[in-house]
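For reference, the structure discussed in these notes is given below.
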Amino acid sequence: MQTDTLSRTFAALADPTRRAILARLSKGEAAVTELAAPFDISLPAVTKHLKVLERAGLITRSREAQWRPCTLAATPLREVSDWVGQYREHWEQRLDRLESYLKTLQANQKQSDEAKKGRRR
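Each residue of the sequence shown is one higher than the one before, starting from 1 at the first, in full-length UniProt numbering.
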């Protein structure tokens, strides 16, 4: 079954090990053994994670003699950012409306408090 790019990206990002690998690669390319070092999992398990990331387009792997560096490929992350951005606008608008409503309530409360003070005098 073929899935869209966004679904593959979210599926790849769902795992904390893969997110940690991407965080490391954001600092520069690294060999598989370097990427595996912080984890208490086997090298084949790390390789499986790398394959998921590669299929999602989040990393590229090359070969330089015996060294097989991995590099971050951020384009799919831009697509995630764009998709999430649509919802960010929605929530910002809702928060703006909430802020306006709260200001109205505060103004009404202030008027009510001032009116009560005026009646007491």
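The beta carbon of each residue, even a glycine, is placed where N, CA and C say it ideally should be.
For E79, the CB contacts under 7 angstroms within the same chain, skipping 5 residues up- and downstream, are T5, L6 and T9 in chain order.
Of the candidates V32, P38 and L50, L50 places its Cα closest to the Cα of R18.
For E64, DSSP records a beta bridge to W67. Across the structure, A37 and G85 are spaced so that their CA atoms are roughly 34 angstroms apart. Three or more Cβ pairs closer than 8 angstroms define a contact, and the stretch 60-69 meets that threshold against the stretch 20-40. Between F39 and S81, the alpha-carbon positions lie close to 28 angstroms from each other. Shown here for R55: same chain residues with a beta carbon closer than 7 angstroms to its own, the five before and five after excluded, namely R8 in chain order. The Cβ atoms of L53 and I21 lie closer than 8 angstroms to each other. If you look at I21, you'll find it in the alpha helix (DSSP H) that goes P16 to L25. The C-beta distance from T71 to L25 rounds to 7 angstroms, short enough to fall under 8 angstroms.
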